[in-house]
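K.L.:
Numbering (this note's numbering), first residue to last: 17 to 509.
(1) With three or more C-beta pairs closer than 8 Å as the rule, is the segment 91-102 touching the segment 159-179?
(2) Is the segment 275-293 close to the segment 78-88, with three or more CB pairs under 8 Å?
(3) Would you list the residues sitting across from residue 238 in a DSSP beta bridge?
(4) What would DSSP say about residue 203, mapped onto helix, strand or coil?
(5) DSSP puts residue 446 in a beta bridge; with which residues?
(6) Which residue spans inside the segment 304-337 form an unbroken alpha helix (DSSP H) run of at least 4?
(7) Kindly indicate which three-state DSSP category residue 246 falls into: helix, strand or coil?
(8) With H, G and I counted as helix, E and B as strand and the rest as coil, what does DSSP make of residue 405?
(9) Do you know offhand how far residue 144's Cα is from residue 171's?
(10) Kindly indicate the opening and closing residues of the beta strand (DSSP E) around residue 289.
(11) What is the DSSP secondary structure of residue 494, counted as helix, strand or coil?
(12) Determine the closest residue to residue 109 out of 480, 153 and 118, with distance taken between C-alpha atoms.
(13) When the distance is taken between beta carbons, is residue 112 closer than 8 Å to residue 14?
(14) Where do the N-terminal and C-terminal ends of the alpha helix (DSSP H) with residue 499 fall, by residue?
(15) When the cut-off is 8 Å and only beta carbons count, does residue 177 lie next to chain C?
(16) Out of 293, 281 and 129, which one is the CA nearest neighbour of residue 272?
(17) Under 6 Å Cβ to Cβ from residue 286, same chain only, skipping five residues before and after it: list those, please.
(18) How many whole angstroms separate the CB atoms of residue 488 and residue 464, which I take to be in contact at a CB cut-off of 8 Å?
(19) Helix, strand or coil: how does DSSP classify residue 360 here?
(20) Could you check whether the segment 208-217 touches the segment 436-448, counting it as contact only if at least three pairs of C-beta atoms, one from each stretch, sit closer than 8 Å?
(21) Could you tell me whether the Cβ atoms of residue 69 and residue 23 are closer together than 8 Å?
(22) Between which two residues does the alpha helix (DSSP H) holding residue 210 run?
(23) Determine the DSSP secondary structure at residue 180, reduced to helix, strand or coil.
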């Protein structure tokens, strides 16, 4: 079978650093090809070459077996579409406007009416099984709905090869299943899919073929059906890397005084009379299926939402508003770090010192001192970077997350609230972040972890609260919080 898109013996270097070394990859019609590798392995460079955004130094790109010179315009004309981690959505426009962005809009005598646009957008969404209100403003959509909207837009623009970069980052389990259903429909229609993910369970469930990159070189390829997750991990990282509780948690815990307390807290219909206590010196995990209310609990704890009834106390005091919570030592890491946690085009310095600059209004700004403070904070968390004054966008996902953590360490936050802290992060970086969370607990901080990853919860949590329909329906000891038991509580079994 001739590949829809093939990259053959591709090489690329940047200022003396070789990003890709003789890499080949073939995406075939009607198949999902997983592209694997740790952060910095060369995946992003390969995507840019495949989409025409970057020209290779050597190698050949073929479309249906015919060599082609790719530019962004040529890639679009060839039906190559990339769904980036950062959503390409016009938030101020409607769903219909966004669906019709890539391709001709229905018109009569050169005029496009809102009704005709909505009707055409609804038809295009229905083609891939996506049910969205075409008149709804795009900013009202969830992250998962935005992902599906982009997929529908790509498919209906005659896409022949869709490249998906970490598509499930920040999605809950039910949303992931919905996305997988649409991806399978796309695959079955004959479109080639290149799927990039750090979640090997997703790869095993969805992908047909795989290619593994390490240090810019292809180290393995083949059929997903012929390998196991441990084998893929070995290819990706050289040595076997695992995420086990004993690798992170030493088994000791010494909970201290209550740091955050919810007393019969409600927020509309999303949170219903939730009571909980998070203590210093422990990691308290909160989990549940999509729509369970855990995200709202995180925002309430961070002061970003105000309860409709009940009381949220931090260190025994009732706090109102995000600034008051920050002043009380509460740090919040949102699930979507790229949209809500980072200023991607600003420097690492600006991002690492954001909380400090917001709380302390200094009369003068000293760039040299700021750089030294940021460098010290980033060094403490082992952030891998070339220059602290460089853009935070250039860092890998794991290092970006550590910059957000460094921000709060600079203001001595003693309550950490983390919503899906390892979304889009590779396995070694996850391990580093888990150890940091355990270190925070050992230092006497209170850590509230909001996560839908069973393995993550099992690795780091001392206690686990399971939510369903806005209520806490069960509490488990972290050591015995098995996937089966959490799932039972989520379903009410």
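Glycine residues also receive a C-beta, built at the ideal position from the N, C-alpha and C atoms. Keep in mind the model is a prediction, meaning the values are calculated, not measured.
P.N.:
Let me lay it out:
(1) yes
(2) no
(3) 226
(4) DSSP places residue 203 in helix when its eight states are reduced to three.
(5) Within the DSSP secondary-structure output, residue 446 pairs in no beta bridge.
(6) 310-318
(7) helix
(8) In the structure shown, residue 405 adopts coil according to DSSP, grouped into three states.
(9) 8 Å
(10) 287-295
(11) helix
(12) 153
(13) Lying outside 17 to 509, the shown extent of the chain, residue 14 is not represented and no answer is given.
(14) 499-507
(15) This model lacks chain C altogether, as it is built from one protein chain only.
(16) 293
(17) 309, 312 and 486
(18) 13 Å between Cβ atoms; not a contact.
(19) coil
(20) Taking 8 Å as the limit for Cβ pairs, the verdict is that the segment 436-448 does touch the segment 208-217.
(21) Going by C-beta atoms, residue 69 is not nearer than 8 Å to residue 23.
(22) Here residue 210 belongs to no alpha helix (DSSP H); instead the beta strand (DSSP E) covers 208-212.
(23) The answer is strand: DSSP assigns residue 180 an E or B state.
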